[in-house]
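1 is the number of the first residue of the sequence shown in UniProt numbering; add one for each residue after it. Working notes, structure below.
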Amino acid sequence: MREMTQDQTQGVADAEAVYDADALQSKWQPVWEELDPFRAGSRQGAEKRYALTMFPYPSGDLHMGHAEVMALHDVIARYWWHRGFDVLNPMGWDSFGLPAENAAIRNDEHPATYTYANIDTQFHSFRKYAVSFDWSRRLHTSDPEYYRWTQWLFLKFRERGLAYRKNSPVNWCPNDQTVLANEQVLADGTCERCGAVVTKKELTQWYFKITDFSQRLLDGLDGLEGSWPDRVIHSQRNWIGRSEGAHVDFDIALASGETRKVTVFTTRPDTLYGATFMVVAADASLASEIVAPDRAAALSAYVEEVRKASDIDRLATDRPKTGVDLGVTATNPVTGEQIPVWAADYVLADYGTGAIMAVPAHDQRDLDFAQAFGLPVRRVIDVAGAEDPEETFVATTGDGAYVNSPALEGLGDKATGISTIIEKLEADGRGTGTVNYRLRDWLLSRQRFWGAPIPIIHCEKCGEVPVPEDQLPVRLPENVRGADLKPKGVSPLAAVADWVNVDCPSCGGPATRDSDTMDTFVDSSWYFLRYCSPDYTDGPFDVEAVREWGPIDQYVGGMEHAVLHLLYARFFTYVLHDMGMLDFEEPFTRLMGQGVVINQGKKMSKSLGNGVNLGEQIDSFGVDAVRLTLVFASPPEDNIDWADVSPQGSVRFLQRAWRLSGDVASAAGVSFAEGDVALRRVTHKTLHDVEHLMETYRFNVVVARTMELVNATRKAIDSGCGPADPAVREATEAVAILLSLVAPYTAEEMWERLGHTPTVARAGWPAVDEALLVEETVTAVVQIAGKVKGRLEVPPSISEAELEALALADEAVVRAIDGRAVRKVIVRAPKLVNIVV
Numbered sequence: 001m002r003e004m005t006q007d008q009t010q011g012v013a014d015a016e017a018v019y020d021a022d023a024l025q026s027k028w029q030p031v032w033e034e035l036d037p038f039r040a041g042s043r044q045g046a047e048k049r050y051a052l053t054m055f056p057y058p059s060g061d062l063h064m065g066h067a068e069v070m071a072l073h074d075v076i077a078r079y080w081w082h083r084g085f086d087v088l089n090p091m092g093w094d095s096f097g098l099p100a101e102n103a104a105i106r107n108d109e110h111p112a113t114y115t116y117a118n119i120d121t122q123f124h125s126f127r128k129y130a131v132s133f134d135w136s137r138r139l140h141t142s143d144p145e146y147y148r149w150t151q152w153l154f155l156k157f158r159e160r161g162l163a164y165r166k167n168s169p170v171n172w173c174p175n176d177q178t179v180l181a182n183e184q185v186l187a188d189g190t191c192e193r194c195g196a197v198v199t200k201k202e203l204t205q206w207y208f209k210i211t212d213f214s215q216r217l218l219d220g221l222d223g224l225e226g227s228w229p230d231r232v233i234h235s236q237r238n239w240i241g242r243s244e245g246a247h248v249d250f251d252i253a254l255a256s257g258e259t260r261k262v263t264v265f266t267t268r269p270d271t272l273y274g275a276t277f278m279v280v281a282a283d284a285s286l287a288s289e290i291v292a293p294d295r296a297a298a299l300s301a302y303v304e305e306v307r308k309a310s311d312i313d314r315l316a317t318d319r320p321k322t323g324v325d326l327g328v329t330a331t332n333p334v335t336g337e338q339i340p341v342w343a344a345d346y347v348l349a350d351y352g353t354g355a356i357m358a359v360p361a362h363d364q365r366d367l368d369f370a371q372a373f374g375l376p377v378r379r380v381i382d383v384a385g386a387e388d389p390e391e392t393f394v395a396t397t398g399d400g401a402y403v404n405s406p407a408l409e410g411l412g413d414k415a416t417g418i419s420t421i422i423e424k425l426e427a428d429g430r431g432t433g434t435v436n437y438r439l440r441d442w443l444l445s446r447q448r449f450w451g452a453p454i455p456i457i458h459c460e461k462c463g464e465v466p467v468p469e470d471q472l473p474v475r476l477p478e479n480v481r482g483a484d485l486k487p488k489g490v491s492p493l494a495a496v497a498d499w500v501n502v503d504c505p506s507c508g509g510p511a512t513r514d515s516d517t518m519d520t521f522v523d524s525s526w527y528f529l530r531y532c533s534p535d536y537t538d539g540p541f542d543v544e545a546v547r548e549w550g551p552i553d554q555y556v557g558g559m560e561h562a563v564l565h566l567l568y569a570r571f572f573t574y575v576l577h578d579m580g581m582l583d584f585e586e587p588f589t590r591l592m593g594q595g596v597v598i599n600q601g602k603k604m605s606k607s608l609g610n611g612v613n614l615g616e617q618i619d620s621f622g623v624d625a626v627r628l629t630l631v632f633a634s635p636p637e638d639n640i641d642w643a644d645v646s647p648q649g650s651v652r653f654l655q656r657a658w659r660l661s662g663d664v665a666s667a668a669g670v671s672f673a674e675g676d677v678a679l680r681r682v683t684h685k686t687l688h689d690v691e692h693l694m695e696t697y698r699f700n701v702v703v704a705r706t707m708e709l710v711n712a713t714r715k716a717i718d719s720g721c722g723p724a725d726p727a728v729r730e731a732t733e734a735v736a737i738l739l740s741l742v743a744p745y746t747a748e749e750m751w752e753r754l755g756h757t758p759t760v761a762r763a764g765w766p767a768v769d770e771a772l773l774v775e776e777t778v779t780a781v782v783q784i785a786g787k788v789k790g791r792l793e794v795p796p797s798i799s800e801a802e803l804e805a806l807a808l809a810d811e812a813v814v815r816a817i818d819g820r821a822v823r824k825v826i827v828r829a830p831k832l833v834n835i836v837v
């Protein structure tokens, strides 16, 4: 930014002194609340746009992360208002969840007390931060009016066979005493919420059958390429994890004399001849069902040890291999051999059937296990240059010639080998070619109080009975306090006798409510649909209203939700589409993910002493300066190090921009066409460039171009056409509109000082005069021996011959040639002439 001279600074000192960020905030907040300029549906007949940002959890006041995402999101929403769209830009709170419950336990109060107090705090902070939300559509997922429909959707999913209950080993947080979905366990095997090491526990839990949609969710990503960040699409593809292979049937000879068929999935059925044993997950029900009686006690003791380890630990390649011989054998379907069946911890119960065929020569973990227990190893692929795995203790991977495989030897490649063995399995009735997915069903039960109760009643006579729709919502009890909510290994609701004990809706006999609550990701998987009709009482949302607004045109949020929330929301949308309630399958047309705000190169942390308090920053510099700093610091997807930015510099820039509005001497409504052409060119080029920058999320460059326009306008006022020139007004009004995207208080004050009525947010986008984008002249550089010797102002349409003639005639160039012979002239009209002498 251009620095002012001392004389200029002296001349504007008084004017700059009245720029007061706090005063502007106090002045304009009540005006905007009265005008309500951002109410969706207020532009009849205009094209509709839906702008959505991920709603926050109400844990205390807003922080720097909120400030960044809201500032970036608001640039888009406000720009759309200027462009004439009718914009839906709602906000609410994802208000169920464990932090409120833990706070209630600490403070011995109901979780609602903590939750709604924080919502009220954040609401007033949002107002002060001047985000263009339509507050008439505000919602909270913990309101009975909302979770009534979360429960209704659960029942509809159940009717379609997509919600079911089963007994299985689940991720268990011993600290929070609750179940975690696979996605909520971090890579190091700890709870994402509290950091405790996650263990396994056998429980009967509710699941959503998201696996029925694996391929559709995968295929849908193809249509999002180019409009979603590549890393999000990549993360979801990896999480769904499509793999092609075969289901192979092994007959297990049980100790009772009976035979049990067990199916395993493998991506390499062509290695079946090398399968010398089977491994079953120790904690899978299959292990206890097939174990020989004399091995049952050993298995039981081993399972107790296994459940103390996290999945991450169990899958670690360097973990010593342990296991128990189950005392039974299985028949290899291609060799007819009887191979031993073991239980081990390196196979997980929730992967396929919880059993694998072990091919130790070509899988390192299988080889390590075979060596630990003296099991046979048979090489079936001869990989060039690889040594015998039994001698090197290194499994050979990759392609090669088939050996020890009668049906495959002589085949040329892996694909042919796989298809050949699948044909053989299918012909023998021992297996089929198939596709498998890494994605597991969504475990949604939580043993917590502060969540949507699962609307099922358990009756000894009738079994699982859905709560009748006219009895929804199943409300959470209000007569509980924090002491009642302390973790006990079961849901706190189970202890509320007058809530849990009910009459069966089917037979009228004694029954009990399901005491688990739903994962909060269920709430956030459909909230964006409720915004379209938040007061609707005949369903979760008005179908016609969603057709009018949906799908979401722009979604903004953190990359930490690349798999969790985004995948679940896509699943919900697919189901609702199949139910006939939506006419689209993908909920979010475009997705923008932002980086994080760090400090001194590290994530902000109280223990590190590098936290930055948003409220303190606003008190020191004002809302506009904080917003401007966050938007200007970097492209949205990059991290922002607060130690490297200057909110004080933003204040100085805002002062300079604001001062322009007081210096304009022409009247509002003056004809801009009579103004200085040079300044008008800068203004219209800026507006034109901003339109393209907005499409690619380069908001930081939008701010930079606005700064350049401010400098050009100040130069025109001080040493150019003067403050009365219409072009100065045009440029200053453009600055006010551009600033309204990031600094609404300053922009609104400028707009008023320029003689306009509030609000600048509805000013509209200035029309760009294409004629002013055409450059009258360009600078042509003349070089001799690679050094610049002259510059010429020439028309953009100049021919190469004309440009060469002008260059050779230029006095500075003639002096530089100094009588030497010109051997060659290279011309690249209109910008370059290179002379060789």
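By construction, the Cβ of each residue, glycine as well, lies at the ideal position given by its N, Cα and C atoms.
Residue i, DSSP secondary structure in three states
i    : result
D402 : Checking the sequence, you will find Tyr at residue 402 rather than Asp. Reduced to three states, the DSSP call for Y402 is strand.
Q8   : Reliability fails at Q8, whose pLDDT of 39 lies under 50, so the model's placement of it is uncertain and the value that follows must be treated cautiously. Correct three-state label for Q8: helix.
E793 : strand
V833 : strand
G593 : strand
S235 : helix
K461 : coil
E16  : The predicted position of E16 is uncertain, since its pLDDT is 43 and thus under 50; a value taken from the coordinates is nonetheless stated next. Correct three-state label for E16: helix.
Y207 : strand
E3   : Residue placement at E3 is flagged as unreliable, the pLDDT there being 38, under the threshold of 50; the coordinate-derived value follows with that caveat. Looking at E3 - three-state DSSP - the assignment turns out to be coil, as it is neither helix nor strand.
A187 : coil
P551 : coil
F250 : strand
P466 : strand
Nearest residue (CA-CA) to residue i, options the options
i    : options                   : result
W81  : R43, D108, G336 and A287  : R43
R446 : S419, D516, L408 and M694 : D516
P510 : Y536, V480, V465 and K488 : V465
S525 : Y568, V546, P540 and V131 : Y568
L98  : E548, Y114, P726 and E560 : Y114
D212 : V575, V474, A112 and Y555 : V575
W499 : R513, S491, G489 and A812 : R513
Close beta carbons around residue i, own chain, < 8 Å, minus the five adjacent residues each side
i    : result
A370 : T276, F277, A358, P360, P376 and V377
K831 : V778, T779, A780 and V781
S620 : P647
R2   : Any reading at R2 needs caution, since the residue's pLDDT is 34, under 50, leaving its predicted position unreliable; the model's value is listed next. For R2, where only same-chain residues beyond five positions count, the Cβ hits under 8 Å are N711, R714 and K715.
Contacts around residue i, its chain only, beta-carbon distance under 7 Å, and the 5 residues preceding and following it disregarded
i    : result
L693 : V701 and V702
W152 : E469, L472 and P540
Local Cβ density within 10 Å of residue i, reported as buried at 16 or more and exposed below that
i    : result
E586 : buried
C507 : exposed
C459 : buried
F699 : buried
Q6   : Since pLDDT at Q6 reaches only 34, below the 50 mark, its modelled position is unreliable, and the value read off the structure follows with that caveat. Q6 should be labelled exposed.
M592 : buried
P551 : buried
K602 : exposed
E244 : exposed
K824 : exposed
Expected contact under 8 Å - CB spacing of residue i and residue j to nearest Å
i    : j    : result
E800 : A829 : 5 Å
A330 : L299 : The pair is not a contact, with the Cβ atoms about 16 Å apart (cut-off 8 Å).
L326 : R295 : 6 Å
A355 : D283 : Incorrect: roughly 12 Å between the Cβ atoms, too far for contact.
R680 : L772 : 6 Å
P505 : L476 : With a Cβ gap of about 19 Å, P505 and L476 do not count as contacting.
Contacts around residue i, its chain only, beta-carbon distance under 6 Å, and the 5 residues preceding and following it disregarded
i   : result
W28 : Y745 and E748
D61 : T121 and S125
A40 : L88 and D134
R49 : W80, F85, V87 and D553
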